[in-house]
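Under the numbering used here, the first residue of the sequence shown carries the number 507, and numbering increases by one thereafter. Report on one structure; see the data block that follows.
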Amino acid sequence: MLLKEELVDERLLKSLNHILENKSRKRYKTERVWFVIRNTHPAWKQEDIKALEHLITMFL
């Protein structure tokens, strides 16, 4: 399926899960780490992400 044929919510979820997976692979020599996602699309709003919260994959 072409990217432009995917629903916007599906693209958001796929991209966000990809970002989370990449972040989960990082390791730091400290007990305190801030988790910040800055490379999201400017069209994504907090309410968009909240609406898909139950579908977000958490990597530990």
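Ideal Cβ positions, reconstructed from N, Cα and C, are used throughout, including at glycine. These numbers were taken from a predicted model, which means no experiment stands behind them.
Integer-rounded CB distance, given that residue j should sit under 8 Å from residue i
i      : j      : result
Leu518 : Trp550 : 6 Å
Ser530 : Phe565 : 3 Å
DSSP-derived helix/strand/coil call for residue i
i      : result
His497 : For residue 497 there is no data in the structure shown, the boundaries of the chain being 507 and 566.
Leu513 : coil
His560 : helix
Lys535 : coil
Within 7 Å, strictly: CB atoms of residue i and residue j
i      : j      : result
Thr563 : Asn528 : no
Delimiting residues of the alpha helix (DSSP H) encompassing residue i
i      : result
Glu553 : Gln552 to Ala557
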